[in-house]
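Written below as structure tokens is the structure these notes are about.
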Amino acid sequence: MTTRSPADSIVRQETPPRLAVPRLAALTLVPVVLAVAGLFHPHHLTQDTAGRWIALHLLLLPLFPLLAGSPLLLLRGLTGRWATTARVGCLVYAVFYTSLDAIAGVAYGTMVATADDPVALSRTGPALDVVGGTLGFIGAAGFLLASVATTKALAARYGGRRVATGGTILIAASVVWLGSHIYWPEGVITVLAIGSGFALLCIATGGPVMARSR
């Protein structure tokens with residue numbers, strides 16, 4: 001009978017050094033850009049701020065769905081119910097959170113910028129805001145689902161202890177994001193925390209995988 005050494009349970013699947021930094025950058029770039037954008041996001045939409053509001057949300061229109069690329073990159077090559085659930089959550093987030101940006105951002109901002117009738121605006125504007133907010137909440141819930149499922153899928157592959165810190169930060173930030181946007185300060189800190197969670201998960205999953213004993 002052959003005795004298995006501890007080294008026999010290690011599968012060498014670490015990320016090649018030349019890809020480690022680009023992978024980390026790809027995972028954290030969008031959260032960092034969103035945080036910077038949040039520093040310039042007006043806290044209130046008025047005719048004075050409408051121009052900046054519209055320009056910012058046009059910039060964010062492709063950026064918000066790109067945030068779903070980070071969990072998808074972490075899940076690359078993984079299968080199973082948690083990986084599938086995470087991908088569904090990413091899809092829900094990308095569709096619904098982009099809808100928030102289009103409606104409460106671009107459409108509402110354009111309406112305010114071109115409004116001639118304050119009475120009509122006071123009736124229609126809040127309705128758009130409610131619709132956009134509802135869609136945004138659904139999108140954020142999809143992102144939370146993706147964060148939880150991504151952490152579970154990575155834990156099953158790499159071990160719970162290894163991904164615990166990054167996964168906890170990512171999930172906690174995703175919970176906060178249910179009730180926030182990218183406004184300074186809460187929203188900026190939240191997306192930076194999301195990026196930190198991605199970064200820690202990237203580092204945790206870049207080394208050798210411990211194979212299960214048979």
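Here the UniProt record's numbering is used: position 59 in the sequence shown is 59, and no number is missing along the way.
Beta carbons: idealized from backbone N, C-alpha and C, even for Gly.
Quick caveat, the model's predicted, so the values are computed rather than measured.
Local conformation of residue i per DSSP, three classes
i           : result
residue 184 : coil
residue 8   : Residue placement at residue 8 is flagged as unreliable, the pLDDT there being 43, under the threshold of 50; the coordinate-derived value follows with that caveat. Here residue 8 sits in helix by DSSP.
residue 43  : coil
residue 67  : coil
residue 215 : Since the first and last residues shown for the chain are 1 and 214, residue 215 lies out of range.
residue 109 : helix
residue 129 : helix
residue 116 : coil
residue 101 : helix
residue 205 : coil
residue 38  : helix
residue 179 : coil
residue 150 : helix
residue 210 : Confidence in residue 210 is poor, its pLDDT being 46 and thus under 50, which makes the residue's placement unreliable; the coordinate value appears in the next sentence. In the structure shown, residue 210 sits in a strand (DSSP, three-state: E or B).
residue 160 : helix
residue 85  : helix
residue 28  : helix
residue 138 : helix
residue 168 : helix
residue 190 : helix
residue 49  : coil
Of the residues the options, the one placed nearest residue i, counting alpha carbons only
i           : options            : result
residue 97  : 62, 45, 46, 40     : 62
residue 175 : 140, 27, 132, 32   : 140
residue 133 : 24, 105, 162       : 105
residue 40  : 26, 94, 188        : 188
residue 136 : 59, 179, 146, 148  : 179
residue 84  : 190, 148, 185, 196 : 148
residue 197 : 163, 184, 57       : 163
Exposure of residue i, with buried meaning 16 or more beta-carbon neighbours within 10 Å
i           : result
residue 48  : exposed
residue 143 : buried
residue 108 : buried
residue 11  : Bear in mind that the predicted position of residue 11 carries a pLDDT of just 45, short of 50, making it unreliable; the figure below should be weighed with that in mind. When all chains shown are included, residue 11 counts as exposed.
residue 82  : buried
residue 177 : buried
residue 57  : buried
residue 146 : buried
residue 204 : buried
residue 55  : exposed
Sub-8 Å separation of residue i and residue j beta-carbons
i           : j           : result
residue 74  : residue 165 : no
residue 86  : residue 182 : no
residue 80  : residue 153 : yes
residue 72  : residue 202 : no
residue 192 : residue 35  : yes
residue 138 : residue 88  : no
residue 45  : residue 101 : no
residue 206 : residue 26  : no
Query raised in the report: Is the region 143-160 touching the region 121-131, taking contact as three or more C-beta pairs under 8 Å?
Result: The region 143-160 makes no contact with the region 121-131: fewer than 3 CB pairs, one atom from each, lie closer than 8 Å.
Query - Any 3 or more C-beta pairs closer than 8 Å across the region 50-58 and the region 103-119 - result: yes
Requested in this report: Give a yes or no on contact between the region 27-40 and the region 64-79, applying the rule of three or more CB pairs nearer than 8 Å.
Outcome: yes
Report task. Please determine if the region 129-140 and the region 159-172 are in contact, where contact requires at least 3 C-beta pairs separated by less than 8 Å. Result -> no
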